[in-house]
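Take any residue in the sequence shown, note its place counting from 1, add 46, and you have its number in the numbering used here. The C-beta atom is built at its ideal place from N, Cα and C for all residues, glycine as well. For reference, the structure is listed below as structure tokens.
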Amino acid sequence: MLYDTLADRTAVITGAASGMGAATARLLAAQGVRVALLARRAERLEELAAKITADGGRALAVAADVTDQASVDAAADLVHQELGRVDLVVNAAGVMLPNPVDAGRADEWQRMLDTNVAGALRVIRAFTADLVAAAAEGRTADLVNISSIGAHVTFPNYAVYGATKAALTYLSASLRTELGPRDVRVTNIEPGLTDSELAGHVDNAELSGQLDGMFEALGGLSSDEIADLIAYATSRARHINLRQLVVLPTRQA
């Protein structure tokens, strides 16, 4: 599908080194969006930026760690210097580290909180003024947060991950009350089983096997399909806000 209305916009995409972030960057760039690619893995970003450029798009690779405020601030400065004001932000960075709570994995809890919640907030802080200014000029402005079906549906041993995604879903709803009156759209996307690097983060062999079994039984969405949903939502007329999108494989209840 073509999304012609996206042409000439400027987007920041976190988690752009792989999965949903990378797929979103590729698709938006193909529609004429200038894309700033933010993630920790500089080499992966450079490869993606080179591919986008070779295909006729414009991409800026920005090595950044969303768990570090100084890193996010430096990234924002570089984006503004090279691409100017941003009117589309996609928070795709995330980690999924399931384990029983009584395993006491405080290291995993902190990493998920720092990335999935505080990381999104740091990026929102860095670019909200851009979105508000773009909207004030009569242009379309979008904040897209990628949450999870885990924000609503409980899974054994995924309590902390689900809690971080529930926080992001609530944050999106609350931000809509602050930014919506200023014509900035906030879209919260909650995918179900999706083929991405998240599954590779799991260090519990039993839970990893369970996840593999779910994919075999239910099938999974692709990162490209989530990217397509993001492009659809952000290409609607500026007065239309697709506020919350739950997307699941058909066999996933």
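Nearest-angstrom Cβ-Cβ length linking residue i and residue j, presumed shorter than 8 Å
{"i": "Val132", "j": "Val58", "result": "5 Å"}
{"i": "Gly130", "j": "Thr51", "result": "With a Cβ gap of about 19 Å, Gly130 and Thr51 do not count as contacting."}
{"i": "Leu275", "j": "Asp188", "result": "Rounded, the Cβ-Cβ distance is 13 Å, inconsistent with contact."}
{"i": "Thr215", "j": "Asp160", "result": "The pair is not a contact, with the Cβ atoms about 18 Å apart (cut-off 8 Å)."}
{"i": "Ser194", "j": "Glu154", "result": "In fact, because the Cβ distance is near 16 Å, the residues do not count as touching under 8 Å."}
Minimum C-alpha distance to residue i - residue among the options
{"i": "Thr240", "options": "Ala122, Gly65 and Thr51", "result": "Gly65"}
{"i": "Gln290", "options": "Ala279, Arg297, Glu128 and Thr296", "result": "Ala279"}
{"i": "Met142", "options": "Val135, Val292 and Val163", "result": "Val163"}
{"i": "Ala277", "options": "Ala68, Asp54 and Leu74", "result": "Leu74"}
{"i": "Gly196", "options": "Val190, Thr186 and Gly208", "result": "Gly208"}
{"i": "Gly150", "options": "Asn137, Val206 and Ile98", "result": "Val206"}
{"i": "Gly140", "options": "Ala68, Ala181 and Arg228", "result": "Ala68"}
{"i": "Leu288", "options": "Leu264, Asp148, Ala107 and Asn234", "result": "Asn234"}
{"i": "Ala299", "options": "Leu253, His198, Ala62 and Ala273", "result": "His198"}
{"i": "Val147", "options": "Asn250, Pro295, Leu267 and Ser242", "result": "Asn250"}
{"i": "Thr60", "options": "His126, Gly184, Val190 and Ala100", "result": "Val190"}
{"i": "Arg87", "options": "Gly255, Asp123, Ala107 and Thr99", "result": "Ala107"}
CB contact check: residue i to chain D, cutoff 8 Å
{"i": "Leu73", "result": "The displayed structure is made up of one protein chain only, and chain D is not part of it."}
Buried or exposed (CB count within 10 angstroms, at least 16 for buried), residue i
{"i": "Arg72", "result": "buried"}
{"i": "Val232", "result": "buried"}
{"i": "Pro202", "result": "exposed"}
{"i": "Gly103", "result": "buried"}
{"i": "Thr186", "result": "buried"}
{"i": "Arg80", "result": "buried"}
{"i": "Arg228", "result": "exposed"}
{"i": "Arg286", "result": "A quick correction: the sequence has Ile, not Arg, at residue 286. Its Cβ having fewer than 16 others within 10 Å, Ile286 is exposed."}
{"i": "Thr174", "result": "buried"}
{"i": "Val118", "result": "buried"}
{"i": "Leu177", "result": "buried"}
{"i": "Ala47", "result": "For the record, residue 47 in the displayed sequence is Met; it is not Ala. Classification for Met47: exposed."}
{"i": "Gln156", "result": "exposed"}
{"i": "Arg171", "result": "exposed"}
Cross-strand partners of residue i (DSSP beta bridge)
{"i": "Pro144", "result": "Pro144 is not bridged to any residue."}
{"i": "Arg231", "result": "Asp188"}
{"i": "Val135", "result": "Val58 and Leu189"}
{"i": "Asp153", "result": "Bridge partners of Asp153: none, in fact."}
{"i": "Thr161", "result": "According to DSSP, which records beta bridges pairwise, Thr161 is partnered with nothing at all."}
{"i": "Glu236", "result": "Val292"}
{"i": "Asp241", "result": "Ser268"}
Check: residue i C-beta below 7 Å from any heavy atom of the ligand GTP
{"i": "Arg72", "result": "Ligands are entirely absent from the displayed structure, and the ligand GTP is therefore not among its contents."}
Task: Every unbroken beta strand (DSSP E) within the segment 175-228, with a cutoff of 3 residues, ordered by chain - done: 188-192
TODO: Entirely within the segment 259-299 and at least 4 residues each: give me those alpha helix (DSSP H) ranges in chain order.
DONE: 269-280
- [ ] Ignoring anything shorter than 4 residues or poking outside the segment 50-132, list the alpha helix (DSSP H) runs there in chain order.
- [x] If we require 4 residues or more, the alpha helix (DSSP H) runs fully inside the segment 50-132 come out as 65-76, 88-100 and 115-129.
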